[in-house]
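Novice:
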Amino acid sequence: MQMSKIRVLLADDHAILREGLRALLGYYDDVQVVGEAQDGAEAIARVGELQPDIVLMDIAMPAMNGLEATRLICQQYPKTRVLILTQHEDRQYVLPLLQAGASGYVLKRALGTNLITALRTVARGETFLYPTVATIVVEEMHRQAEVSEAMPESLTPREREILKHIALGESNPQIAIALSISAKTVEWHRSNLMSKLSVHNVADVVRYALQHGLVEESD
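When we follow the working numbering, the leftmost residue of the sequence shown carries the number -12, and every step to the right adds one.
#1: Please return the same chain residues whose Cβ sits closer than 8 angstroms to the Cβ of THR108, not counting the five positions on each side in sequence.
#2: Based on the DSSP secondary-structure assignment, which residues constitute the bridge partners of GLU23?
#3: Could you check where the beta strand (DSSP E) with VAL186 kicks off and where it finishes?
#4: Could you give the C-beta distance for ASP209 and PRO49, rounded to a whole number, given that I count them as a contact under 8 angstroms?
#5: Helix, strand or coil, according to DSSP, for LEU142 in the structure here?
#6: Let me make sure I understand the geometry here. Which of GLY7, ALA87 and ALA165 has the alpha-carbon closest to that of ARG68?
#7: Return helix, strand or coil for ILE149, following the three-state DSSP convention.
#8: What's the C-alpha gap between ILE71 and ALA105?
#9: Alpha helix (DSSP H) containing GLY112: first to last residue?
#10: Determine the contact status of ALA2 and ASP45, defining contact as a CB-CB distance below 8 angstroms.
#11: In the DSSP assignment, the beta strand (DSSP E) including ILE71 goes from what residue to what residue?
#12: Is TYR195 helix, strand or coil by DSSP?
#13: My output table needs one value for ILE46: the three-state DSSP class, helix, strand or coil.
#14: Am I right that GLN19 and ARG58 are in contact with their C-beta atoms under 8 angstroms? What's the rounded C-beta distance?
#15: With DSSP as the reference, please indicate the residues paired to VAL18 in a beta bridge.
#16: From ALA47 to VAL93, what distance separates their C-alpha atoms?
#17: With burial defined as no fewer than 16 other Cβ atoms inside 10 Å of the residue's Cβ, what is the status of GLU126: buried or exposed?
#18: Provide the residue span of the beta strand (DSSP E) that contains LEU94, from first to last.
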């Protein structure tokens, strides 16, 4: 009995790369490239037409990038899974794409057996992460666990006030004026609350404040 093939849509703005991917995947009997798209908007339209099993998605594309296309495909066509294929391996790219619904993340510099393994893994309903990407995800999980352990009740009223001002993007001098205290006192409270929350930068402070309803997310 012949196994059904993994139907793949290639979404990348470089025609030469799409051609190379089509040739590479042509070596595998269990994979069929059913279509191509040169940007995110076209990828969404092609998914609607072709109903592929997997979209092999680049990130940086004109008209609509891979992040927005991934989010919309996962919302509108839940049976189609998205596998990211990109040169970017920074957390600023990895985490938003996985949060948007991507089922895997492969680097272009690691093509070959990694790609076919990733496609087969994702087709089985599992997740595939390139090792360096997996490390980023694990680190984020640990960071989130540390942040969640520190509840707002552990902060003093003054620290809560300062946290809100930090989350709003205000500097130490601005916070000092708003609260009628010295900038040195603001710095002391700031260091103390960041230590309590196990966070190390303003982005983490903002994320914590939003998660615990200490500030409202702006539109």
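C-beta atoms are modelled at their ideal positions from N, C-alpha and C, and glycine is treated no differently. All values derive from a computational prediction rather than experimental measurement.
Specialist: On the basis of the coordinates in this document:
#1: Taking the sequence shown and counting its residues from 1, the one referred to as residue 108 is at position 121. Excluding residues within five positions, the ones whose Cβ falls inside 8 angstroms are GLY91, THR114 and PHE115.
#2: Reading the sequence shown from its first residue, position 36 is the one you call residue 23. BP columns for GLU23 point to LEU(-3).
#3: On the sequence shown, residue 186 is found 199 positions in, with the first residue counted as 1. Where VAL186 is concerned, there is no enclosing beta strand (DSSP E), given that its DSSP letter is neither H nor E.
#4: Residue 209 falls outside the range modelled here, since the chain spans only -12 to 206, and no answer is possible.
#5: Along the sequence shown, read from residue 1 onward, the residue named residue 142 stands at position 155. For LEU142, the secondary structure class from DSSP, reduced to helix, strand or coil, is coil.
#6: In the sequence shown, the residue the question calls residue 68 occupies position 81. With distances taken between Cα atoms, ARG68 lies closest to ALA87.
#7: For the purposes of this step, residue 149 is taken as residue 162 along the sequence shown, with counting starting at 1. ILE149: helix per DSSP, three-state reduction.
#8: Position 84 of the sequence shown holds residue 71. Position 118 of the sequence shown holds residue 105. Whole-angstrom Cα-Cα distance: 10 angstroms.
#9: In the sequence shown, counting from the first residue as 1, residue 112 sits at position 125. That residue, GLY112, is in no alpha helix (DSSP H); it is neither H nor E in DSSP.
#10: The sequence position of residue 2 within the sequence shown is 15, counting from 1. The sequence position of residue 45 within the sequence shown is 58, counting from 1. Cβ atoms of ALA2 and ASP45: not closer than 8 angstroms.
#11: For the purposes of this step, residue 71 is identified with residue 84 of the sequence shown, where counting begins at 1. In the DSSP assignment, ILE71 falls within the unbroken beta strand (DSSP E) covering 68 to 73.
#12: As a first step, residue 195 is located in the sequence shown; it is residue number 208 there, counting from the start. TYR195: helix per DSSP, three-state reduction.
#13: Residue mapping note: residue 46 aligns to position 59 of the sequence shown, counting from 1. In the three-state scheme derived from DSSP, where H, G and I count as helix and E and B as strand, ILE46 is classed as coil.
#14: Within the sequence shown, the letter at position 32 stands for residue 19. Within the sequence shown, the letter at position 71 stands for residue 58. Rounded, the Cβ-Cβ distance is 26 angstroms, inconsistent with contact.
#15: In the sequence shown, counting from the first residue as 1, residue 18 sits at position 31. DSSP lists ILE(-7) as partners of VAL18.
#16: For the purposes of this step, residue 47 is identified with residue 60 of the sequence shown, where counting begins at 1. For the purposes of this step, residue 93 is identified with residue 106 of the sequence shown, where counting begins at 1. Each residue's alpha carbon lies about 15 angstroms from the other.
#17: By one-based count along the sequence shown, residue 126 stands at place 139. Result: exposed.
#18: Position 107 of the sequence shown, counted from the start, is the residue given in the question as residue 94. DSSP places LEU94 inside the beta strand (DSSP E), whose first and last residues are 91 to 94.
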